[in-house]
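What the sequence shown shows, in mature numbering (1 follows the signal peptide of the UniProt record, and there is no 0), is residues -27 to -1, 1 to 310, in sequence order.
By construction, the Cβ of each residue, glycine as well, lies at the ideal position given by its N, Cα and C atoms.
Please read these numbers as outputs of a predicted model, since none were measured by experiment.
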Amino acid sequence: MMRRVLKRAAMIALAAAFTLHLRPAAAADTKITFVTDWKAEAEHGGFYEALALGLYKKAGLDVTIRQGGPGIDNMQLLAAGAVDFAIGSNSFGPLNLVQAGAHVVAVMAASQKDPQCLMTHPRPDIKSLADIKGKPVMIAAGSADTFFLWLKAKYGYSDSQIRPYTFNMAPFLVNKNAIQQGYISSEPYLVEQQGGFKPQVFLFADAGYPSYASLVMVSQTMIDAHPDVVQKFVDASIQGWYDYLHADPSPADKLIEKDDPDESDGVIAYAIKTMKAEGMIEGGDAAKLGIGAMTDARWKTFFDVMSKEGVYPANLDYKAGYTLRFVDKGLALAASH
């Protein structure tokens, strides 16, 4: 899900609201503010689980999770030093910040698959993403600069297809010809519940979309000054994700529903089931390297695809946007295999 860019005055006001900056909350605890990329949802479940079970606390971290939402640009908040950690929705985030000269780094990829998809009503003329070329597609404002670039490059989509999506599904539900973006782990369930039909769902990751999702991002300054804090946060988050998927997710779910009452038990249960079935958290490289895995090869693939299409200059130092220092250690791997 995408966010609009904040105006300077609004961002300053938001930054003031996020109290943080490595202040000792108790004798041995380091205070951390972590802002997500959207309203609280099961796709953030592992982080909420780590908070609910006291895994961050056990690591000496006093973590506050702040949910994102429309109009909150958490990448700008992180780049401005207004928060300590943030979730980057996809692989565009780190490279965009490199291009902008911001020293912000991805240290973990909670999701090996980006859950972004396109949905249609059941219809005989569309059986693949390729079939959507030339047809109107409802996407959020920021999506034109992220996954839609890949769709243009791979399938020949054009900007003339774009129609506005404002996170209200009513236009999709009532129009049998409508095509809309969504998360495979949530919107299809909502369509079935509210529309009474099962949509056709086309997951970008299954068609080769190389983006990671739910990237944990932090400033290079934090990494240089407090690498131990970064490692503790990553390790506790990884354990939180393992527990969320394999143990009792209800501690996290209670916190999620407290932050976002619209995230119902049914939506959460569907999301957890989908994340497991699709191998979103523990599939791909994570199956061998552990939850949170990232690889140089995967980042190179993403950069090569996007630079070839002119999204990034060929000489961009894309490796400055991530580090493998804190992941690929097989944490919680033995227990899940």
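| Query | Result |
| --- | --- |
| Taking the beta strand (DSSP E) that residue 245 belongs to, which residues open and close that run? | Taken as a continuous stretch (DSSP letters only), residue 245 belongs to no beta strand (DSSP E), being part of the alpha helix (DSSP H) at 238 to 250. |
| Could you give the uninterrupted runs of the alpha helix (DSSP H) lying entirely in the segment 80 to 137, keeping only those of 4 residues or more? | 120 to 128 |
| Between residue 135 and residue 43, what straight-line distance do the alpha-carbon atoms span, to the nearest angstrom? | 19 Å |
| For the candidate residues 38, 27, 73, whose alpha-carbon lies nearest to that of residue 5? | 38 |
| Cα separation between residue 203 and residue 299? | 8 Å |
| Give a yes or no on whether the C-beta atoms belonging to residue 185 and residue 87 are separated by under 8 Å. | yes |
| Measuring only the C-alpha atoms, how far is residue 94 from residue 164? | 10 Å |
| Quick one: measure Cβ to Cβ for residue 92 and residue 155, integer angstroms, because I've assumed they're closer than 8 Å. | 5 Å |
| What is the DSSP secondary structure of residue 271, counted as helix, strand or coil? | helix |
| To the nearest angstrom, report how far apart residue 105 and residue 99 are at their CA atoms. | 7 Å |
| With residue 195 as the anchor, note down where its alpha helix (DSSP H) starts and where it stops. | 193 to 198 |
| By alpha-carbon positions, which one of 182, 296, 231, 225 ends up nearest to residue 123? | 182 |
| In this structure, what does DSSP give as the bridge partners for residue 65? | Answer by DSSP bridge pairing: none, since residue 65 is not bridged. |
| Which of the three DSSP states, helix, strand or coil, is assigned to residue 153? | strand |
| With H, G and I counted as helix, E and B as strand and the rest as coil, what does DSSP make of residue 49? | helix |
| Taking its Cβ as the centre, do 16 or more other Cβ atoms sit within 10 Å of residue 7, making it buried, or is it exposed? | buried |
| Should residue 54 and residue 79 be called a contact, given that it needs their Cβ atoms to be closer than 8 Å? | no |
| What's the call for residue 291, buried or exposed, on a 16-neighbour Cβ count within 10 Å? | buried |
| In chain order, what residues of the same chain have a beta carbon less than 6 Å from the beta carbon of residue 89, not counting five sequence neighbours either side? | 120, 177 |
| For residue 167, is the classification buried or exposed, using 16 other Cβ atoms within 10 angstroms of its Cβ as the cut-off for buried? | exposed |
| Ends of the beta strand (DSSP E) at residue 34? | 34 to 39 |
| Residue 305: buried (16+ other C-beta within 10 angstroms of its C-beta) or exposed? | buried |
| Of all the options 232, 248, 282, 227, which has the alpha carbon lying nearest to the alpha carbon of residue 238? | 227 |
| Which two residues bound the contiguous beta strand (DSSP E) that contains residue 56? | Note, residue 56: premise wrong, no beta strand (DSSP E); not H, not E. |
| At the level of alpha carbons, what is the spacing between residue 264 and residue 84? | 8 Å |
| Just how far apart, CA to CA, sit residue 158 and residue 231? | 20 Å |
| Under 8 Å, do residue 67 and residue 294 count as touching if we go by C-beta distance? | yes |
| Please list the segments of the beta strand (DSSP E) lying wholly inside the segment 157 to 241, counting only runs of 3 or more residues, in order along the chain. | 173 to 176, 186 to 192 |
| Based on DSSP bridge pairs, tell me the residues matched to residue 281. | In DSSP, residue 281 forms no bridge with anything. |
| With a CB to CB cut of under 8 Å and the five nearest residues on each side skipped, what residues in its chain are close to residue 367? | This structure gives no information on residue 367, because the portion of the chain shown stretches from -27 to 310. |
| Who does residue 295 pair with in a DSSP beta bridge? | 79 |
| What does DSSP give as the partner residues of residue 6 in its beta bridges? | 37 |
| Considering only their Cβ atoms, is the gap separating residue 19 from residue 217 smaller than 8 Å? | yes |
| Going straight from the alpha carbon of residue 128 to that of residue 25, what length do you get? | 43 Å |
| Span of the alpha helix (DSSP H) holding residue 146? | 143 to 147 |
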